[in-house]
Amino acid sequence: MIEFKNVSKIYPSGVKGLDDVNLTVNDGDFLCIIGLSGAGKSTLLRSINKMHTIQSGNIIVNDEDISKAKGKKLRLIRRNIGMIFQSFNLVNRSSVYKNVLAGRVGYHSTFSTLFGIYSRDEKMLALQSLDKLGILDKAFIRADQLSGGQQQRVALARALTQEPKIILADEPVASLDPVTTISVMDDFAKINREFGITIVANMHHVDLAMKYANRIIGIKSGKIVFDGTPDEITDEVLFNIYGRALKHSEKLGEVDDAN
Amino acid sequence: MDKLLNYLRIKNTVSCTTPDEAYAKRPMLWIYNIIIVFAFLAVIIYFSVDVSFMNGINFNGTRLGELWKGMCNPNWSYFFGYGEYRFSESVIYQIIETFSIAFIGTLISSILAIPFGFFASKRMVGKWSVISELLLIVIRTFPEILFGLIMVKVVGFGSFAGVAVLSVHSIGMIGKMYSEQLDVVDNQPLEALDACGASFLTRVKLGVVPQVAPNFLSVILYRFDLNVRTASLLGLVGAGGIGYYIWVYSSFGTWSMLTPLLLGVVILIVFVDIISSILRKKLL
Amino acid sequence: MQTKNKGVLRRIFHKLKYKKVIVSLNDNGTPSKIIEKKRSLWPRYFLIVAAIFGCCFIFVELPAKIRFDQISVIFGQMFTPSEFSLKTWDRYNEYIFATAIPAIWSTVEMVFIGTTIGTAIAIPLFLIASRNIVLKWYIYQPVRIVVDIIRTIPTYVLAILCTVFFGIGNTAGIWAIAIFTMGIMFKLMYEYIDTCNMNPFEASMSTGATRFKAARVALYPQVKPMFFSNFLYTFEINVRASVILGFVGAGGIGQLLSNAMDAQQYDKVGAILIPLFVVVVVLQLLSSFLRRKSL
Chain X
46 MIEFKNVSKI YPSGVKGLDD VNLTVNDGDF LCIIGLSGAG KSTLLRSINK MHTIQSGNII
106 VNDEDISKAK GKKLRLIRRN IGMIFQSFNL VNRSSVYKNV LAGRVGYHST FSTLFGIYSR
166 DEKMLALQSL DKLGILDKAF IRADQLSGGQ QQRVALARAL TQEPKIILAD EPVASLDPVT
226 TISVMDDFAK INREFGITIV ANMHHVDLAM KYANRIIGIK SGKIVFDGTP DEITDEVLFN
286 IYGRALKHSE KLGEVDDAN
Chain H
7 MDKLLNYLRI KNTVSCTTPD EAYAKRPMLW IYNIIIVFAF LAVIIYFSVD VSFMNGINFN
67 GTRLGELWKG MCNPNWSYFF GYGEYRFSES VIYQIIETFS IAFIGTLISS ILAIPFGFFA
127 SKRMVGKWSV ISELLLIVIR TFPEILFGLI MVKVVGFGSF AGVAVLSVHS IGMIGKMYSE
187 QLDVVDNQPL EALDACGASF LTRVKLGVVP QVAPNFLSVI LYRFDLNVRT ASLLGLVGAG
247 GIGYYIWVYS SFGTWSMLTP LLLGVVILIV FVDIISSILR KKLL
Chain S
2 MQTKNKGVLR RIFHKLKYKK VIVSLNDNGT PSKIIEKKRS LWPRYFLIVA AIFGCCFIFV
62 ELPAKIRFDQ ISVIFGQMFT PSEFSLKTWD RYNEYIFATA IPAIWSTVEM VFIGTTIGTA
122 IAIPLFLIAS RNIVLKWYIY QPVRIVVDII RTIPTYVLAI LCTVFFGIGN TAGIWAIAIF
182 TMGIMFKLMY EYIDTCNMNP FEASMSTGAT RFKAARVALY PQVKPMFFSN FLYTFEINVR
242 ASVILGFVGA GGIGQLLSNA MDAQQYDKVG AILIPLFVVV VVLQLLSSFL RRKSL
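Chains as they are written, first to last, in our numbering: chain X, 46 to 304; chain H, 7 to 290; chain S, 2 to 296.
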């Protein structure tokens, strides 16, 4: 469970990143954050695992206050949170297998990471994660030789290998084509359903958010302006968040089943 | 080939259907890494024994103490050239002398290397470039100190020998870099000039020179940097420059004279580094 | 009075800096439009360079007599056995294989050991000195400055200092190469690490790794090929520079060369140079081939 209590962040330039945010995310939720670029989506997401620090308030993740945690305590909390990035953030020269195993370094000492020693169970776990996402046959290929959708799946497998309770996704489908976007989002939904992992994702596309999420947060200038289920979203809400009505061409719409 | 790589667990090229199968067929490169590391260590140990490394180290602790004492009171009159030492014997004079040797040598060789570089570039002369390339390689690989000794016999002791060595030796390096630059010249301006009827010389002057001039200059600067070090090195064999006195004073163990010399060398090299980075920024 | 002087001076400088260019003419031949163009800078730079060139000759004395005949004497004697030392072709060839080549091989061995030791010392240092791994400037900046100062000391000075401490012989030469190598590998590697892609590093940190573990997982695969390439490059430079070591008594082929030159036995010099030349060229080709393959 994630709780934000009166969280505020101000950048050194004076810009307000987050403005008195109060939020509760329950276990098993699929939460999507929507809003304009620069409204505070990334700041909100990244402060959950303290990649961005906050100035005031508390963030409680799984009954631990992460905003005050440092050093080893912070690393222990972060172990249980997986993160997916827009540019996949894989080690390009390494194989997919090694990339996925890299998710386990939080559970190892410096010595065994130095020599790349992982236990048999962890290796099986990595291969099973790859299998669940359907890319097992690409397990020993160099990571940069895969397509964008496959690379994002590898990143997802890496996050799964951590055995996390929460997965954060910072615009995971922004650099993918529409067809791949749908299949990757389906994978996210499958993980959410089958393993009960809480998913918090930043999205550009409102209709994607509405299709997959069971809860949506709208952010504008660091403040939460909408917090509810997809059914409650009306055009008026979107007008509030984006400042104007969305045109039809700006929605993802229906995707034909190509090849 | 692939089957062998799979068998030796170097690479996996078959696609596996279950995680268990993938686990059984995974590449295990760590075995080979360990073998390579052990082979490397064995080679190092064999080499060390062969050249009797660490046999009879006479690590002289007392000498370290003497060095430290000498380092703390350097002989400033030697450094600046007042008192019992004339200016022409001082460290500062030697620094300027070393700088001059490098300057003159680099300048002369940068001009002399132009025809060599031109004839070593495949773009310009085609297959005949091999002759000049070989010549440049021979000039480059000849050890500078040896050349220094020879020049000392030809022109006598003193700084001119150093100038002669640098002038000839740098032709090798600068000529090679010239030929590399000329090989990647952009053809389009040359074609345009040809189309409006320019002669060969005009094409070179207006088409080639503006393209390669900044690169040539940066090559010359880089070489000047290195030549300052080589010029001080040549002093060892008596070809002028600061190396000679470093050799002398360190073998006698007069540390108070050695420290100003070392300081002088460091100052000279730092000075040349700074100047060449300023000039390089201006060039670009 | 003073303003007039200023005006004159200013006008002179202006004239030196700019020149008038006639752009178009009227019908009767008088210029109708004149623009001022900055004069080309090249003559100025040329004058500066020529001035420095002239000044240098204050410090460098021209020789009284140049004995060109010596050149032909020396080079002529290098490749034929002379009466003064090796008297026959047999002995010349024997010298190449029995003395010169083993000496060159032991120099290569020394250089290999020295390069390895220097690289081993450099590894922890360049890890500390890269801005991407260590964030606090008061840790990485001092390390960079100290090693930079060590790097300005020329190789031969290092060799001389090492003979002071370790005695004359191979050990001094190996340590000199080690220190020199440390300087080069240090600079090459930390500059490369600073330009590495930090995305996977960030991802690794978010899974709960320390900076060191994240560097090992995310940066090491990128750095590894560059590391070996730089090692080969440094090895090649060191082999070329190793001739100097012998001249100051730190072991290696320079010793043989120096003895032969002092005794004016130029045929021995030639006999040493031929295999040395072959070794250096072969190493250069090998290293550029291997470096191209790994990158």
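For glycine and all other residues, C-beta sits at the position ideal for the given N, C-alpha and C.
Status (buried if at least 16 other CB within 10 Å, exposed otherwise) for residue i
| i | result |
| --- | --- |
| Gly233/H | The sequence shown places Asn at residue 233/H, not Gly. Label assigned to Asn233/H: buried. |
| Pro149/H | buried |
| Met230/X | buried |
| Tyr191/S | buried |
| Ile142/S | Per the sequence shown, residue 142/S should be read as Gln rather than Ile. That one is exposed. |
| Ala121/S | exposed |
| Trp261/H | buried |
| Gln197/X | buried |
| Lys137/S | exposed |
| Pro44/S | exposed |
| Phe156/X | exposed |
| Gln100/X | exposed |
| Pro209/X | buried |
Partners in chain X for residue i, counting only beta-carbon separations shorter than 8 angstroms
| i | result |
| --- | --- |
| Cys22/H | Leu181, Asp182, Ala184 |
| Ala210/S | Arg120, Val150, Gly151, Thr158 |
Interface residues of chain S facing residue i [CB-CB closer than 8 angstroms]
| i | result |
| --- | --- |
| Lys159/H | Arg68, Gln71, Ile75 |
| Val136/X | Pro201, Val218, Ala219, Pro222, Gln223 |
Whole-Å CB distance - residue i paired with residue j, under 8 angstroms assumed
| i | j | result |
| --- | --- | --- |
| Ala214/X | Ile129/X | 4 angstroms |
| Arg229/H | Thr112/H | 6 angstroms |
| Ile104/X | Val70/X | Going by Cβ atoms, the distance from Ile104/X to Val70/X rounds to 11 angstroms, so no, they are not a contact pair. |
| Asn285/X | Ser87/X | Asn285/X to Ser87/X, Cβ: 20 angstroms. No contact. |
| Leu89/X | Val66/X | 7 angstroms |
| Val162/H | Pro64/S | The question names Val, but residue 162/H in the sequence shown is Gly. With a Cβ gap of about 5 angstroms, Gly162/H and Pro64/S count as contacting. |
| Phe181/S | Thr156/S | 5 angstroms |
| Gln207/X | Gly85/X | 26 angstroms between Cβ atoms; not a contact. |
Contacts of residue i in chain H (Cβ-Cβ under 8 angstroms)
| i | result |
| --- | --- |
| Lys168/X | Tyr29, Arg32 |
| Phe248/S | Ile151, Leu242, Val243 |
| Leu291/S | Chain H residues near Leu291/S: none, gap ~15 angstroms exceeds 8 angstroms. |
7 angstroms Cβ cut-off: residues of chain H touching residue i
| i | result |
| --- | --- |
| Leu68/X | Here the premise fails: no neighbours, minimum Cβ distance about 38 angstroms. |
| Tyr157/S | Leu239, Leu242, Gly249 |
| Leu258/S | Leu152 |
Interface residues of chain X facing residue i [CB-CB closer than 9 angstroms]
| i | result |
| --- | --- |
| Phe213/S | Thr155, Thr158, Leu159 |
Chain-ordered neighbours of residue i on chain X, where CB pairs are closer than 7 angstroms
| i | result |
| --- | --- |
| Trp33/S | For clarity, residue 33/S is Ser in the given sequence; the question names Trp instead. Those within 7 angstroms of Ser33/S in chain X number zero; the least Cβ separation is about 55 angstroms. |
| Pro220/H | Ordered by position in chain X, no residue passes the 7 angstroms Cβ test against Pro220/H, which lies about 34 angstroms from the chain. |
| Asn18/H | Phe185 |
Contact set between residue i and chain S, taken where Cβ atoms lie within less than 9 angstroms
| i | result |
| --- | --- |
| Met96/X | Glu203, Met206, Ser207 |
| Thr130/X | In the sequence as presented, Thr is not what sits at residue 130/X; that position holds Phe. Going along chain S in sequence order, the residues near Phe130/X (Cβ under 9 angstroms) are Asn200, Glu203, Ala204, Ser207. |
Contact list for residue i against chain S, beta-carbon separation under 7 angstroms
| i | result |
| --- | --- |
| Ile156/H | Ile75 |
| Arg123/X | Ser207, Thr208, Gly209 |
Residue i CB to nearest heavy atom of the ligand COA below 7 angstroms
| i | result |
| --- | --- |
| Asn51/X | For the ligand COA, the structure offers nothing, since it holds no ligand at all. |
query = Do the stretch 185–194 of chain H and the stretch 122–137 of chain H meet, that is, are 3 or more Cβ pairs less than 8 angstroms apart?
reply = The stretch 185–194 of chain H makes contact with the stretch 122–137 of chain H, as at least three CB pairs between them are under 8 angstroms.
query = Got a sec: which bits of the stretch 223–236 of chain H sit with their beta carbon under 8 angstroms from any beta carbon on chain S, in order along the chain?
reply = Under the 8 angstroms Cβ criterion, the stretch 223–236 of chain H contributes Arg235.
inquiry  = Any C-beta of chain S within less than 7 angstroms: which residues of the stretch 143–163 of chain X qualify?
reply    = Residues are counted here when their Cβ sits less than 7 angstroms from a Cβ of chain S; for the stretch 143–163 of chain X these are Ala147, Gly148, Val150, Gly151, Thr155, Thr158, Leu159, given in chain order.
task = Mind checking the stretch 183–205 of chain S against chain X and listing, in chain order, the residues whose C-beta falls within less than 8 angstroms of any C-beta there?
result = Taking a C-beta cut-off of 8 angstroms against chain X, the contacting residues of the stretch 183–205 of chain S are Asn198, Asn200, Pro201, Glu203, Ala204, Ser205, listed in chain order.
query = How do the stretch 155–163 of chain H and the stretch 235–254 of chain H stand: do at least 3 beta-carbon pairs fall below 8 angstroms, yes or no?
reply = Taking 8 angstroms as the limit for Cβ pairs, the verdict is that the stretch 235–254 of chain H does touch the stretch 155–163 of chain H.
key: Cβ contact check for the stretch 166–176 of chain X and the stretch 247–256 of chain S: 3 or more pairs under 8 angstroms   = Short answer: they don't touch.
message = I want to know whether the stretch 203–212 of chain X touches the stretch 142–159 of chain X - three or more CB-CB distances under 8 angstroms.
response = Enough Cβ pairs lie closer than 8 angstroms, so yes.
ask   = Would you call the stretch 128–142 of chain X and the stretch 218–227 of chain S touching, i.e. three or more CB-CB distances under 8 angstroms?
value = Between the stretch 128–142 of chain X and the stretch 218–227 of chain S, the count of Cβ pairs shorter than 8 angstroms is three or higher; the stretches touch.
request  = Could you please tell me which residues of the stretch 241–267 of chain H, in chain order, have their CB closer than 7 angstroms to any CB of chain X?
outcome  = Listed by position, the residues of the stretch 241–267 of chain H near chain X (Cβ gap below 7 angstroms) amount to none.
key: Residues in the stretch 87–109 of chain H having any Cβ partner in chain S nearer than 7 angstroms   = Within the stretch 87–109 of chain H, the qualifying residues are Ile102, Glu103, Ser106, Ile107, Phe109.
query = Using a Cβ cut-off of 8 angstroms, which residues of the stretch 268–288 of chain H contact any Cβ in chain S, in chain order?
reply = Residues passing the 8 angstroms Cβ filter: Leu268, Val271, Val272, Ile275, Val276, Asp279.
ask   = Would the stretch 201–219 of chain H and the stretch 73–84 of chain H be scored as touching if the rule is three or more Cβ pairs under 8 angstroms?
value = Result no; under three Cβ-Cβ pairs closer than 8 angstroms.
ask   = What residues in the stretch 98–121 of chain S have a beta carbon less than 9 angstroms from any beta carbon of chain X?
value = Residues of the stretch 98–121 of chain S whose Cβ lies closer than 9 angstroms to any Cβ of chain X: none.
query = Is the stretch 159–179 of chain S touching the stretch 257–271 of chain S, taking contact as three or more C-beta pairs under 8 angstroms?
reply = The stretch 159–179 of chain S makes no contact with the stretch 257–271 of chain S; the number of CB pairs closer than 8 angstroms stays below 3.
request  = Inspect the CB distances between the stretch 20–38 of chain H and the stretch 88–103 of chain S and report whether three or more fall short of 8 angstroms.
outcome  = The answer is no - the stretch 88–103 of chain S does not touch the stretch 20–38 of chain H, with fewer than three Cβ pairs under 8 angstroms.
task = Decide yes or no for the touch test of the stretch 271–278 of chain S against the stretch 270–281 of chain H: beta carbon pairs closer than 8 angstroms, at least 3 of them.
result = Judged by Cβ distances under 8 angstroms, the stretch 271–278 of chain S makes no contact with the stretch 270–281 of chain H, as fewer than three pairs qualify.
Touch test, the stretch 38–56 of chain S against the stretch 131–142 of chain H, Cβ-Cβ under 8 angstroms, three pairs minimum = Taking a cut-off of 8 angstroms for Cβ pairs, the stretch 38–56 of chain S and the stretch 131–142 of chain H do not touch, as fewer than three such pairs fall below it.
ask   = Would you call the stretch 93–107 of chain S and the stretch 220–231 of chain S touching, i.e. three or more CB-CB distances under 8 angstroms?
value = Look at the beta carbons and you see the stretch 93–107 of chain S not touching the stretch 220–231 of chain S: under three pairs across the two are nearer than 8 angstroms.
query = Residues in the stretch 127–153 of chain H with C-beta within 7 angstroms of chain S's C-beta atoms, listed in sequence order?
reply = Residues passing the 7 angstroms Cβ filter: Ile143, Thr147, Pro149, Ile151, Leu152.
query = Counting pairs of beta carbons, one from the stretch 180–197 of chain X and one from the stretch 35–54 of chain H, are three or more of them closer than 8 angstroms?
reply = Contact fails: fewer than three Cβ-Cβ distances are below 8 angstroms.
query = On the three-pair Cβ rule with 8 angstroms, is the stretch 145–160 of chain S touching the stretch 200–212 of chain S?
reply = Result no; under three Cβ-Cβ pairs closer than 8 angstroms.
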